[in-house]
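Remarks on the structure that follows.
2 protein chains.
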Amino acid sequence: MQDTVLIVGAGPSGLSAADTVSKAGFKAVLVEKEEVLGGAPILSGYAKLVPSGEWAKDAIGRMVTRAEQDDNVTIHKSCKVGQLEGEAGNFTATLSNGEKVSASAVVLATGFTHFDSINKPEWGFGTYEDVLTTTQMEQMVASGKIACPSDGRVPERVAILLCVGSRDRQIGREWCSKICCTVSANLAMEVKEISPETDVFIYYMDIRTFGLYEDKFYWKSQEEFKTKFVKARIAEVTASGDGRLLVKGEDTLVKRPIIIPFDIVVHAIGMDPNEDNPEISKVFGIGLEKHGFIERAEHYTNTCGTTRKGIYAAGACYGPETIDDSISQGAAAGSRAVADLNALVRKAG
Amino acid sequence: MQDTVLIVGAGPSGLSAADTVSKAGFKAVLVEKEEVLGGAPILSGYAKLVPSGEWAKDAIGRMVTRAEQDDNVTIHKSCKVGQLEGEAGNFTATLSNGEKVSASAVVLATGFTHFDSINKPEWGFGTYEDVLTTTQMEQMVASGKIACPSDGRVPERVAILLCVGSRDRQIGREWCSKICCTVSANLAMEVKEISPETDVFIYYMDIRTFGLYEDKFYWKSQEEFKTKFVKARIAEVTASGDGRLLVKGEDTLVKRPIIIPFDIVVHAIGMDPNEDNPEISKVFGIGLEKHGFIERAEHYTNTCGTTRKGIYAAGACYGPETIDDSISQGAAAGSRAVADLNALVRKAG
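Next comes the structure, spelled out in structure tokens:
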């Protein structure tokens, strides 16, 4: 009798789906391509998560431990699904480690790929040591010390540039990455907490701290931590004569060119479709939407469905997503797979 | 043996939770205070939903029909929970219709209350007939004809004012309502489709069409439907001499006062905490966060939890939320309640 759901990806949404399947009384097989569970928050070494304020290693670590200690969850690390045969209710997956998994349904929790700042060369990443990405800056925050990579000095001024690899037609990223504004407002506060003498500027097009993030992150960052928000179009990041960085652009509120020297420039990098999506689309026989994220089914009565029956999805594989909603979507997709299993059980019984 | 989950509220999240519980093999009792199921999209007569483009009555109607035809779902309309006794695993709810429901867990899907524009009197609602809310304008779109309520003329210009009852400390609304920017960009396109001779202006602070809403709604509304987005602070809406409305404010990009005549002015009204939340908090013994929305538990391993064991929540009762994520959260909360039930079954077995 079929009693298993195959879950691909062990980030927040996949871990949540696995727990849902297990607690509904069925078995989950969790396949993760990396050696480590936890997804982007663990692999990229995020600092404190938005909006909880809890350290990523604790918050997501707890989800990892729960999966590892669950007898109903079988985990395959450093492993991919190479082939999927069969149909809804009776899939057989062949894993890259040679094992075969029989499953009634599949949950794709395959996440995203961080935008590679190398693709925005005029903003200095890869050219200047003191130009970092948000994930690198989060790692610096996690280390407890804010210092310029080039020479170890405490930065007098840090600039965070929003929408690097987002809302940018020139480089084929027409979407907004949803969470960078809030993450950056939070990051500015974390920098200031560790290094009170550092001033943080955030360059933005629109500040998108939606819902309850508005006062909790945007207002607080401005009012309590004195983060300076500058509405601007950035042209380029260059070196100054004295070993600092110059951020050049136009202040779109006063319509004047601005050139300000900074010690560290941070790229708030966006969320690209998972670079494996073309392969995932082929292996699982599912559609992608026009940007390359996984295509949703009608959402109202097929929550977290894809274009193929019996294959569900959750989290940032659908498009830029918060961790909290990735977790809810993981549970939702898991519960759909459980619904399919229960229908099979009833049919067989 | 306990086999029931009590679900309060029959909007998108409650309907989703009920389906999840039913398909997991248990029983759902759905209690709705209104006479009609479907929540805000049905009660307020929304037009086409974001982002699917499907009519609310069809999309949410399908969820309603599914619940009504489900033998595992018992529905109480025009009914509230008056009292809740017991504890996680064994609650007894007394309904306002006199019935008692025994349930292992509770899902609160109690939603929000639309901001009442009367509380922003300087923007003309309640004073001028041609000042409407987004829900009224959606009803006009659903009727298929765009006309000024005052005299039936086709409007030459429509203004949509964003953040009415959102991001406004003066009136105690410190949150962003998350979805009004996207709904308004969509509404502008719907108006233009029905009435091509009408020009639509959207007055904004920031445009928050996050994630995949960016090009699908913001760019498309601007580029294909010629919606004019004006970054401005609105001071007041008054009557002009010739029976039109004057929107007065400051264009914050050019830092100049602007006064433009409009035929219809639409308030993009925000999402307040459900006005019943103080009562809900008391009846169910759960905490509210500082704005008055339902307080979340730690989210990572207690998805959709509240401050009380065995009581879960989903959707806009937690804060402004999209319909899609309300549906996922409903499924997530339903699956947590199912997990509790399965644990009881195993314990008993």
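Just so you know, the protein sequences line up as chains Z and R, in that order. Each residue of the first sequence is one higher than the one before, counting from 1 in this note's numbering. Each residue of the second sequence is one higher than the one before, counting from 1 in this note's numbering. By construction, the Cβ of each residue, glycine as well, lies at the ideal position given by its N, Cα and C atoms.
Less than 6 Å between C-beta atoms, sequence neighbours within five positions excluded: which residues of the same chain meet that for residue i?
i, result
"R:E32", "A10 and K77"
"Z:E236", "E122 and K248"
"R:G285", "R308"
"Z:Y213", "T182"
"Z:A159", "F201, V247, F262 and V265"
"Z:D340", "S104 and A105"
"R:S150", "E129 and D130"
"R:E85", "T92"
Which residue from the options puts its Cα closest to that of residue i?
i, options, result
"R:K290", "R:T303, R:K23, R:Q329 and R:P278", "R:P278"
"Z:S96", "Z:C79, Z:F112, Z:E87 and Z:S102", "Z:C79"
"Z:N353", "Z:G89, Z:I179 and Z:G53", "Residue 353 of chain Z lies beyond the range of chain Z shown here (1 to 349); nothing can be said about it."
"R:E224", "R:R256, R:E190, R:L245 and R:E250", "R:E190"
"R:A56", "R:V141, R:P155, R:F112 and R:R336", "R:V141"
"Z:A40", "Z:Y128, Z:G124 and Z:T134", "Z:T134"
"Z:G38", "Z:S335, Z:D3, Z:S326 and Z:G98", "Z:S326"
"R:R173", "R:D116, R:H299, R:R256 and R:V81", "R:D116"
"R:S221", "R:G144, R:L187, R:C180 and R:E298", "R:L187"
"Z:S368", "R:H299, R:R346, R:G310 and R:E197", "Outside the modelled stretch of chain Z, which goes from 1 to 349, sits residue 368 of chain Z, for which no answer is possible."
"R:C180", "R:A28, R:G349, R:A333 and R:L49", "R:L49"
"Z:I207", "Z:Y218, Z:T127, Z:S13 and Z:E197", "Z:Y218"
"Z:D215", "R:A239, R:D168, R:Y203 and R:G111", "R:D168"
"R:W198", "R:Q136, R:A333 and R:E156", "Reading off the sequence, residue 198 of chain R comes out as Thr, not Trp. Ranking the options by Cα distance to R:T198, first place goes to R:E156."
"Z:L245", "Z:G124, Z:A28 and Z:E99", "Z:G124"
"R:I171", "R:T238, R:I146 and R:D272", "R:D272"
"Z:M63", "Z:A147, Z:K347 and Z:G14", "Z:G14"
Residue i and residue j: beta carbons closer than 8 Å?
i, j, result
"R:G45", "R:Q139", "yes"
"R:K231", "R:V164", "no"
"R:V73", "R:A18", "yes"
"Z:V8", "Z:L162", "no"
"Z:S350", "Z:G270", "What the structure shows of chain Z is the stretch from 1 to 349, and residue 350 of chain Z is not part of that stretch, so it cannot be assessed."
"R:S16", "R:A268", "no"
"R:K178", "Z:F229", "no"
"Z:T113", "Z:E321", "no"
"Z:L36", "Z:V21", "One detail in the question is off: residue 36 of chain Z reads as Val in this sequence, not Leu. Not closer than 8 Å, so no."
"R:F26", "R:V283", "no"
"R:S102", "R:Q2", "yes"
"R:L43", "R:A67", "no"
"R:G310", "R:E87", "yes"
"Z:G111", "Z:C317", "yes"
"R:P12", "R:I323", "yes"
Can you list, in chain order, the residues of its chain whose CB lies under 8 Å from that of residue i, leaving out five sequence neighbours each side?
i, result
"Z:R233", "M205, G249, E250 and T252"
"Z:N302", "R336"
"Z:G61", "G38 and I42"
"R:G126", "S117 and I118"
Since residue i sits in a beta bridge, which residues does DSSP pair it with?
i, result
"Z:G305", "Z:Y312"
"R:L288", "R:I294"
"Z:H299", "Answer by DSSP bridge pairing: none, since Z:H299 is not bridged."
"Z:Y280", "With the sequence shown as reference, residue 280 of chain Z is identified as Ile, and Tyr is not the correct amino acid for it. Its beta-bridge partners do not exist; DSSP assigns none."
"Z:I146", "Answer by DSSP bridge pairing: none, since Z:I146 is not bridged."
"Z:R244", "According to DSSP, which records beta bridges pairwise, Z:R244 is partnered with nothing at all."
"R:Y203", "R:L161 and R:V230"
"Z:N90", "Z:E87"
"R:I118", "R:I118 is not bridged to any residue."
"R:P273", "R:F112"
"Z:P261", "Z:L246"
"R:A28", "R:V5 and R:V73"
"R:D168", "R:R173"
"Z:V338", "DSSP output for Z:V338 lists no bridge partner at all."
Can you name, in chain order, every residue of its own chain whose Cβ lies under 7 Å from the Cβ of residue i, other than the five neighbours on each side?
i, result
"Z:L288", "N277, S281, I294 and E295"
"R:D71", "none"
"Z:G319", "W175 and F293"
"Z:V81", "V8, V31, A93, L95 and V283"
Short-range partners of chain R found in the segment 203-235 of chain Z, where Cβ spacing is below 8 Å: D206, I207, R208, T209, F210, G211, L212, Y213, E214, D215 and W219
Members of the segment 16-34 of chain R that neighbour chain A once the beta carbon cut-off is set at 7 Å: You won't find chain A in this structure, because its protein chains are Z and R.
Positions along the segment 307-321 of chain Z whose CB lies within less than 9 Å of some CB in chain R: A314, Y318, G319, P320 and E321
Contact set between the segment 174-193 of chain Z and chain R, restricted to residues whose Cβ is under 9 Å from the partner: E174, W175, C176, S177, K178, I179 and C181
Under 9 Å (Cβ pairs) to chain R, residues found in the segment 244-263 of chain Z: T252, L253, V254 and K255
Residues within the segment 111-135 of chain Z neighbouring chain R, beta-carbon criterion of under 7 Å: none
Residues from the segment 158-171 of chain Z in contact with chain R, defined by Cβ distance under 9 Å: S166, R167 and R169
Residues of the segment 38-56 of chain R with Cβ closer than 8 Å to any Cβ of chain Z, in chain order: S52 and E54
Members of the segment 335-347 of chain R near chain Z, C-beta cut-off 9 Å: Under the 9 Å Cβ criterion, the segment 335-347 of chain R contributes S335, R336, V338, A339, D340, N342, A343, V345 and R346.
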